[in-house]
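*Asks:*
Residue numbers (my numbering): 6 to 153.
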């Protein structure tokens, strides 16, 4: 809607203004979660004779086995990833633990980023990212405003 567009515009203008004074793109770390299907076969084309009917591939079941992966990365590449246990999900506790693991790995993989400045976290507004426990944990980092 129009109100969200205006908020996005204001957020982008603020980021552009800040970037002119302090080029910060190399400091951004972001994360996302993705479900990975165990069986991700694609339907393939078949070579058939004139009279031959195509073989039907079975459809995927409704409740397929899947696995969630959580990935943290910066402009320099992947910093940390974690495959979640089947049936588990990202909670505030899990997210805070992953934040700690990511910070430890960034100290090892990209020490210049940690020694010269503070990494900046860009995250969406998913529940685990906005829970009180997470908000308190994020006081240790700089967090970029995520437009609506």
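For glycine and all other residues, C-beta sits at the position ideal for the given N, C-alpha and C. Quick caveat: nothing in here was measured; it's all calculated off a predicted structure.
Take the Cβ of residue 148 as the centre, count every other Cβ of all protein chains shown within 10 Å, and call the residue buried at 16 or more, exposed below.
*Replies:* Of the other Cβ atoms in all chains shown, fewer than 16 fall within 10 Å of the Cβ of residue 148; this residue is therefore exposed.
*Asks:* Taking the beta strand (DSSP E) that residue 79 falls in, what are its first and last residues?
*Replies:* The continuous beta strand (DSSP E) containing residue 79 extends over residues 71-79.
*Asks:* Is the beta carbon of residue 33 closer than 8 Å to that of residue 127?
*Replies:* With respect to the 8 Å criterion, residue 127 and residue 33 are classified as neighbours on the basis of their beta carbons.
*Asks:* When you compare the segment 128-143 with the segment 87-105, are there three or more beta-carbon pairs, one atom per stretch, that lie closer than 8 Å?
*Replies:* yes
*Asks:* Using C-beta distances below 8 Å, list every residue in its chain close to residue 84, excluding the 5 sequence neighbours before and after it, in chain order.
*Replies:* 34, 77, 78, 107, 110, 111, 114 and 115
*Asks:* Can you tell me whether residue 36 is buried or exposed? The criterion is at least 16 other CB atoms within 10 Å of its CB, across all chains shown.
*Replies:* buried
*Asks:* Enumerate in chain order the residues of its own chain whose CB-to-CB distance from residue 70 is below 6 Å, with the five nearest sequence positions on each side excluded.
*Replies:* 43
*Asks:* Which residue comes first and which comes last in the alpha helix (DSSP H) that contains residue 134?
*Replies:* Following the DSSP letters along the chain, one finds residue 134 inside the alpha helix (DSSP H) bounded by residues 132-135.
*Asks:* Can you give, in chain order, each stretch of the alpha helix (DSSP H) that sits fully within the segment 78-134 and has at least 4 residues?
*Replies:* Every alpha helix (DSSP H) of 4 residues or more that sits fully in the segment 78-134 is shown, in chain order, as 97-114 and 116-121.
*Asks:* Just the C-alpha distance for residue 17 and residue 25, rounded to the nearest angstrom, thanks.
*Replies:* 13 Å
*Asks:* Per DSSP, what kind of secondary structure is residue 57 in: helix, strand or coil?
*Replies:* Of the three classes helix, strand and coil, the one that applies to residue 57 here is coil, per DSSP.
*Asks:* Measure the alpha-carbon distance for residue 72 versus residue 124 and round it to whole angstroms.
*Replies:* Roughly 29 Å between the two C-alpha positions.
*Asks:* For residue 7, report the span of its alpha helix (DSSP H) as first-last.
*Replies:* 7-26
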